[in-house]
Structure formats: structure tokens, C-alpha cells
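Q: In the numbering used here, the protein residues as written are 1 to 190. Ideal Cβ placement from N, Cα and C applies to all residues, glycine included.
#1: For residue 191, count the other beta carbons within 10 Å of its own beta carbon; 16 or more makes it buried, fewer makes it exposed. Which is it?
#2: When you compare only the Cα positions, how much space is there between residue 83 and residue 179?
#3: Please report the distance separating the alpha-carbon of residue 2 from that of residue 101.
#4: Going by C-alpha distance, which of 16, 31, 9, 15 is nearest residue 171?
#5: Could you check if residue 169 is buried or exposed, using at least 16 other CB atoms within 10 Å of its CB as the buried criterion?
#6: Mind checking whether residue 60 and residue 49 have CB atoms under 8 angstroms apart?
#7: What does the Cβ neighbour count give for residue 87, buried or exposed, with the cut at 16 atoms within 10 Å?
#8: Return yes when the Cβ of residue 76 is within less than 8 angstroms of the Cβ of residue 93, no when it is not.
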């Protein structure tokens, strides 16, 4: 079956780019990349459709779970150097090898977890250092305080265990737009 237009970029095509903005997964946000190579039509590879220098606008997800190392991103719009704009409708982003999302820097916040565990340990030790010759009232107060402090320390550690890693992607990082549906475009003209 012949393509709908000679100016088509078919599903499965890849648009190579580099990140202009960085990503930090603490919050969701908008991203921009720039096409690094000319992109030609799928049927012949002869007609320039997307020139190098085209800007790509997208967004990334901040829904990171513990152990996750990749940021998910989608691309929504191309802005050509001549001012034309093309809607992409959430085309997925991938790394240079084609794997979904991007992986660069990962901060698991281990230092914060170790500080919380150390604080919990110190709180527990402090309540154990009471003298052995206490009367029953003092011992009951100490035991109650020990339980409360121990529970508070455990809650601090548990809260730190729930903190998702922070994923970062630096500006300039290579990225790919994976075309998932046929895009009928016009040949590029300045």
C-alpha cells in the first residue's frame, strides 16, 4: 500500500535530538530539546521534513518509585526554524539506544537515610543509659519514654525509606523522539 503522502514520517521513525533543558524529577516539568540531524521522508529519504535545529517541546513525569533509574518523557510539539509548529501528541522519548525514558544521574538520598538511622539509634541508646537502682515509678516513666522515642525514631527512618530517588538529566544529553504514528508533513522551506 502506498503512503498517504510523499511527505510522510512513518511510525517507527526516530528523530535525534539533544536536551536543551535539564531534568530534575523532584517535580514534573516542561522540557526542550533540539534536533541534531536533518530528518527526511520515510518512503525515499530524499525530502527534508524536519531540519537540524528544530526545537522539540515536551514534558516529563515526576512519578518516580524507589529503585527506578529512568525518567519518562513525552514530546508534544516541534517548532521548525521557519516558525511553523507541528503537534506531536505525546510521542515517547527514548535514549540513544532506543530504550524508553532517559537515565543519567540518580540520587537515592542514602546520606539522609543514614542520618535518620543514626538519630534513631542515638535516641534508643539514650533511654537505655538510665541507672539500675531506679524505683518503680522512675523505671515506668523511663520505659514509657523509651517506647515513645523508639517509635518516633522508627517513624523517621520509615519516612526516609519512602523518599523516591531524585533523577537528573543534564542539558546536552542525547535523546530520541520515537514516532508512534504516521506524521504527514510538508517539505521544509526557509
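A: In short, the structure shows the following:
#1: A question about residue 191 goes unanswered here, because the residues of the chain that appear run from 1 up to 190.
#2: 21 angstroms
#3: 32 angstroms
#4: 31
#5: buried
#6: no
#7: exposed
#8: no
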